[in-house]
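A quick write-up on the structure given underneath.
Residue numbers (the working numbering), protein chains in the order written: chain A, 167 to 223; chain B, 368 to 717.
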């Protein structure tokens, strides 16, 4: 899974907060759900230090 | 198989808690649903779901490339198969190469296997395969809840449709989690390097032994002539293979929606539009309810049809049963005469 960007769509504690990410060249909205495979991969890459999730604009 | 033998097999499985309706734990085993599209080319660089629902391609470290198709070639009684066609060969196989088809199952759907108990049931895998030439591959069950315990068996492919039946003994070690996570993987190994092939094939349930997973297989990537077709995949409790459990198309489709849903175009719209043909007005947010509750909150992707936005774009937020669209650059209404129309995909695959 090639994740080239990740950014929160809303500030922390916002009900509709997701991560807008580019995965394998496609823009996706990834829920903060540990059962979601894309979110799990984002967390893995963040832990490995190869990906940073930007704060919301 | 004679009717008498078929009945005997079914009764044998019923006596083990299997048989009957819903005996097949594989969804879309007859390859009828392909929401992502019926053909995808140039594959091999990364793993993913590309055509038929629920069947994932595993592509690790290979230079081989292939086309994946929902094909109309199928044995009698079936209309579709999953077809793989090699387009770039890879005959210099590095140790860490791996290529195959993966089907992942939720643990809460497998509790009747009694895995991890003293009365664990055997399970029987059956499917139809053919190829451009003879080949040997491996079918494997792997328990991802218990340190990747696994068991495998080889099967042969010829140029004619062949039904394969493999019975795996029950595993008395390691219960499967009763939840929506991936617990059991069915994998068809079609190409692998020595990391997976240098040992002895593990034909009894046991702890993870990487070198024992794909021993004795041919390589799908040995030639650009190579093809592989599969359909009628069934995994059921019991020591006997029964006929493939056909079900109404709508039922298979709804089962697939738990893991992936592609909406129609123009399902979602935001508009403050007075232009001709775009009179719909929904200026801040819109919600669409999924046809079934999904396995987990899905990853949402917008499929844009038309738009006129002076700044920003749209944002999607999906939960297990609905999706919401709202403009990313406007906290209030869209500016007058602006709009976004499109559909979406929701991905909650394992």
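Note that beta-carbon positions come from the ideal geometry of N, C-alpha and C, so glycine has one too.
{"Check": "Got a sec: is the Cβ-Cβ distance from residue 691 of chain B to anything in chain A below 8 Å?", "Outcome": "yes"}
{"Check": "Within the continuous alpha helix (DSSP H) that includes residue 683 of chain B, where are the two ends?", "Outcome": "That residue, residue 683 of chain B, is in no alpha helix (DSSP H); its beta strand (DSSP E) goes 681-685."}
{"Check": "Can you tell me the Cβ-Cβ gap for residue 519 of chain B and residue 505 of chain B, rounded? I've got them flagged as a contact below 8 Å.", "Outcome": "5 Å"}
{"Check": "So with CB distances below 9 Å, who are the chain A contacts of residue 636 of chain B?", "Outcome": "Within chain A, no residue comes near residue 636 of chain B; the closest Cβ sits about 17 Å away, beyond 9 Å."}
{"Check": "Tell me whether residue 546 of chain B is buried or exposed, calling it buried when 16 or more other Cβ atoms sit within 10 Å of its Cβ.", "Outcome": "exposed"}
{"Check": "Taking CB distances under 8 Å as the criterion, tell me whether residue 190 of chain A reaches chain B.", "Outcome": "yes"}
{"Check": "Listed in chain order, which residues of the stretch 543-559 of chain B have Cβ atoms closer than 7 Å to some Cβ of chain A?", "Outcome": "547 and 548"}
{"Check": "Go ahead and label residue 526 of chain B buried or exposed: buried means 16 or more other beta carbons lie within 10 angstroms of its beta carbon, across all protein chains shown.", "Outcome": "exposed"}
{"Check": "Against chain A, does residue 491 of chain B count as a neighbour if the rule is that its beta carbon must be under 8 Å from one of theirs?", "Outcome": "no"}
{"Check": "If I follow the unbroken alpha helix (DSSP H) through residue 621 of chain B, where does it start and stop?", "Outcome": "616-624"}
{"Check": "In chain order, which continuous runs of the beta strand (DSSP E) of length 3 or greater are located wholly inside the stretch 527-568 of chain B?", "Outcome": "529-535 and 549-559"}
{"Check": "Can you check whether the CB of residue 464 of chain B is closer than 8 Å to the CB of residue 396 of chain B?", "Outcome": "no"}
{"Check": "Looking at C-alpha atoms only, which residue of B:640, B:624, B:679 and B:637 is the closest neighbour of residue 658 of chain B?", "Outcome": "B:624"}
{"Check": "According to DSSP, is residue 674 of chain B helix, strand or coil?", "Outcome": "strand"}
{"Check": "Leaving out five residues on either side along the sequence, give the residues of the same chain with a beta carbon under 7 Å from the beta carbon of residue 182 of chain A.", "Outcome": "176"}
{"Check": "Examine chain A for any beta-carbon lying closer than 8 Å to the beta-carbon of residue 503 of chain B, and answer yes or no.", "Outcome": "no"}
{"Check": "Quick one: which residues of the stretch 168-189 of chain A get their C-beta closer than 9 Å to a C-beta of chain B? List them in chain order.", "Outcome": "168, 175, 176, 181, 182, 183, 184, 186, 187 and 189"}
{"Check": "Does the Cβ-Cβ distance between residue 594 of chain B and residue 452 of chain B come in under 8 Å?", "Outcome": "yes"}
{"Check": "Which residues of the stretch 670-688 of chain B have a Cβ closer than 8 Å to any Cβ of chain A? Give them in chain order.", "Outcome": "682, 683, 684, 685 and 686"}
{"Check": "Buried or exposed for residue 762 of chain B, please, with buried defined as at least 16 other CB atoms from any protein chain shown within 10 angstroms of its CB.", "Outcome": "Because chain B is modelled from 368 through 717, residue 762 of chain B falls outside the range shown and cannot be assessed."}
{"Check": "Please state if the CB of residue 649 of chain B and the CB of residue 667 of chain B are separated by a distance shorter than 8 Å.", "Outcome": "no"}
{"Check": "What is the residue span of the beta strand (DSSP E) that residue 575 of chain B lies within?", "Outcome": "It is not in any beta strand (DSSP E) - residue 575 of chain B carries neither H nor E in the DSSP assignment."}
{"Check": "Which residues does DSSP pair with residue 510 of chain B in a beta bridge?", "Outcome": "B:516 and B:551"}
{"Check": "Evaluate the contact criterion for the stretch 369-376 of chain B versus the stretch 570-587 of chain B: three or more CB pairs, one atom per stretch, below 8 Å.", "Outcome": "no"}
{"Check": "Residue 189 of chain A to residue 713 of chain B, Cα distance in whole Å?", "Outcome": "14 Å"}
{"Check": "With distances taken Cα to Cα, identify the nearest neighbour of residue 398 of chain B among B:449, B:381 and B:479.", "Outcome": "B:449"}
{"Check": "Answer yes or no: do residue 663 of chain B and residue 201 of chain A have a C-beta to C-beta separation smaller than 8 Å?", "Outcome": "yes"}
{"Check": "Quick test of the definition: if touching needs 3 or more C-beta pairs under 8 Å, does the stretch 203-214 of chain A touch the stretch 459-478 of chain B?", "Outcome": "no"}
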